[in-house]
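Heads up, the sequence shown is in the numbering used here, so the first residue is -3 and it goes up one at a time. All remarks here apply to the structure that follows.
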Amino acid sequence: MAVGDVISGIFTTTGVYHDFQPSAGTEIIITAVHGSNAANLLLGLTNGTTASTSYLQYGTNWAQNANIKFGINNTNYLTVYTNSGAPPSYTGIQIK
């Protein structure tokens, strides 16, 4: 991967927390997280031990698209949870 590359992924299940941790030395700006028809879409940062207590949480039972801008790296990375609907996905761009 190189600076400017678009990074995206789709998790495969609901009802569990999913993490996306970039490789060492890589930094990514997450620009969107998607959860379709999720009763809850929670997203935040984690360091692998402690998750952010300031999750963003989105409404109930409708197609959700969290347009966000926050940086992740190998130390502080993305954690996402949905308990129903389609599994969550994310999009970002590599900046380092």
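All C-beta atoms in this analysis are idealised placements derived from N, C-alpha and C, irrespective of residue type, glycine included.
Asked: Option nearest proline 84 by Cα separation, candidates Ile6, Gln90 and Ile24; Found: Ile6
Asked: Lysine 65, DSSP secondary structure in three states; Found: strand
Asked: Buried versus exposed call for threonine 75 [16 or more other C-beta atoms within 10 Å across all chains shown]; Found: buried
Asked: Assigned secondary structure, isoleucine 24 (DSSP; H/G/I helix, E/B strand, else coil); Found: strand
Asked: Integer-rounded CB distance, given that asparagine 69 should sit under 8 Å from threonine 22; Found: 7 Å
Asked: Where the beta strand (DSSP E) through isoleucine 89 begins and ends; Found: 85 to 90
Asked: Nearest-angstrom Cβ-Cβ length linking glycine 67 and threonine 27, presumed shorter than 8 Å; Found: Actually they are not in contact, since the Cβ atoms of glycine 67 and threonine 27 sit about 11 Å apart, beyond 8 Å.
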